[in-house]
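Numbering (the numbering used here), first residue to last: 63 to 637. The beta-carbon is built from N, C-alpha and C at its ideal position, and this holds for glycine as well. Just so you know, these numbers come straight off a predicted model, no measurement behind them. Worksheet: the structure to be examined is printed underneath.
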């Protein structure tokens, strides 16, 4: 079946804890999200195969929509192509599960080649073991040992402008060749070459007899021209190769998928690239995903996707390393109850031992949400520097803001999900907050690989949860002092008047989808979009309409006031 003939697509995202499966189909001439389900991922012992989790999720989906999806034939996991309303025409798979792919990076110079190489790798779940460049002062023996000791799964080689000097890069490649000659065939890393195109043939002659070699266009064809996408495509293919050879049964999932098994982040990047081209307020969309083992941020900055992955930050498998990175003090300041740093460490170690465990108490849930807040704050602060957005506590004007990952999307109330994002990101002005509980953004991103029309049409069919508009003026107002006067006129003529004071957050109780007339007057020099008075029509979301007068940067309560203030905020955001 050609891609043009595809009407229905199953998309799976295999995470470390959960496997999500969703069905997109053609309904009345338009692609729509039909339904989604979730099952436990079965990559680890005692199961050892992700196919079991996929099949469980597919059977749940079949029961939900009354459509047979699981094939009765041993060779086929799903009924494909669609026949008489059963099955689906295509299956796609993404994953963030398993340990990160270990990568050794080779390039001519740290400032250009290695920097471009790092940006290529930033879109995949990788751990850079070491680097090699012309500036490296180690002996050849030490360089070879550096390659071998890191036990890389992949070596990325970049450097040199097209038709530029070649001998220097060839010298580095020969060091790689010497290291590989000391390895046995079963332990060979994959090679991805994305450097001087004049060297493709000699590098192929040197390396392809030894190991699997992927080649891409030069990441820097000239000093002032950087092109990352071709190298990222080859890296995704190499990632599928790596995953298919890894424990967990990924090879079988990849065999059924039209695109193999690609990193979840590649779907995010593809989708944010598309969304950046759409008309929008602000500098572009922002998507944040906090998972059990990894955390991802992808943004559109001046119509170009920017992204960062931290494979050591999560609220499950990597909770201990997350706590090490963010610090216990930063977590404790979000908790409205007393807990020692030692008890916090104990909780993190226990969570890492049993990452699929659901918090058993309100206090445990608050701990995980506090860690999630600080993970988001950390990766945003790190990313904005590498994206050329400068330092600062206030978030640039990204629109919309999309959150994925169960810790953010499955809070006890939509208002709490909204407050988690407001606390962690501290957006200013008027913002649109969306939740992606089905991993739709990544799914539509990979669907674009086979049929872009699916991506275009299915984005606006209700798969994302709109939390509603938020109003957060930059600046500070003393606690208790008038900050915002709000007047909301509802379609039935009823009027809500409210004064929001400094240190307060308020969720106006308007039903989702209801459009109201809003008059907002700001006090004491506060402004939104350069204005002290706004009059506009807004549509409420799952969390109504939110007015945040807690200050930007956010003014945290003193320790003695923390419990009372936090409980007040929670009550205000849960109606």
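Run through DSSP, which three-state label would residue 342 get? coil
Can the beta-carbon of residue 219 be found less than 9 angstroms from the beta-carbon of residue 210? no
Would you mind reading off the limits of the alpha helix (DSSP H) that contains residue 114? 112 to 127
To the nearest angstrom, how far is the alpha carbon of residue 641 from that of residue 517? The chain is shown from 63 up to 637; residue 641 falls before or after that span and cannot be answered.
Does residue 511 come out as helix, strand or coil in the three-state DSSP assignment? coil
Please look up how many angstroms separate the CB atoms of residue 629 and residue 421, rounded, as I've assumed it's under 8 angstroms. Going by Cβ atoms, the distance from residue 629 to residue 421 rounds to 18 angstroms, so no, they are not a contact pair.
Less than 6 angstroms between C-beta atoms, sequence neighbours within five positions excluded: which residues of the same chain meet that for residue 70? 87, 144, 150 and 151
With a threshold of 16 other CB atoms inside 10 Å of the CB of residue 560, please say whether the residue is buried or exposed. exposed
Integer-rounded CB distance, given that residue 503 should sit under 8 angstroms from residue 466: 7 angstroms
Closer than 7 angstroms by C-beta to residue 437: which residues in its own chain qualify, once you throw out the five before and the five after it? Chain order, please. 352, 357, 375, 384 and 388
Would you mind stating whether residue 508 and residue 611 have Cβ atoms separated by less than 9 angstroms? no
Where does residue 329 fall in DSSP's three states? helix
Excluding the 5 residues preceding and the 5 following residue 205 in the sequence, name in chain order all residues of the same chain whose CB lies nearer than 7 angstroms to its CB. 194, 198 and 237
Can you list, in chain order, the residues of its chain with a C-beta nearer than 6 angstroms to that of residue 535? Leave out the 5 residues immediately preceding and following it. 584, 588 and 590
For residue 107 and residue 640, the rounded distance between their alpha carbons: In this structure the chain extends from 63 to 637, so residue 640 is not present and cannot be described.
One question on the structure: do residue 345 and residue 461 come within less than 9 angstroms of each other, judged by their Cβ atoms? yes
Is residue 381 close to the ligand GDP? I mean its beta-carbon at under 8 angstroms from any heavy atom of the ligand. Judged by which ligands are present, the structure shown has none, so any question about the ligand GDP falls away.
Cβ neighbour criterion (16 or more within 10 Å) applied to residue 593: exposed
Which of helix, strand or coil DSSP assigns to residue 275: strand
With 16 other CB atoms within 10 Å as the buried threshold, where does residue 216 fall? buried
Under 9 angstroms, Cβ to Cβ, is there at least one residue of chain C near residue 238? In the structure shown, chain C cannot be found, because there is only a single protein chain.
Classify residue 75: buried if its beta carbon has 16 or more other beta carbons within 10 angstroms, exposed otherwise. buried
Residue 284 lies in the alpha helix (DSSP H); which residues open and close that run? Where residue 284 is concerned, there is no enclosing alpha helix (DSSP H), given that its DSSP letter is neither H nor E.
Which of the three DSSP states, helix, strand or coil, is assigned to residue 532? strand
Under the DSSP definition of a beta bridge, which residues are partnered with residue 80? 102
Measuring CA to CA, which of 98, 301 and 64 is closest to residue 185? 301
Can you tell me whether residue 339 is buried or exposed? The criterion is at least 16 other CB atoms within 10 Å of its CB, across all chains shown. exposed
Going by beta carbon distance, what residues of the same chain come within less than 8 angstroms of residue 224, once the five residues before and after it are set aside? 258, 259, 260, 280, 283 and 284
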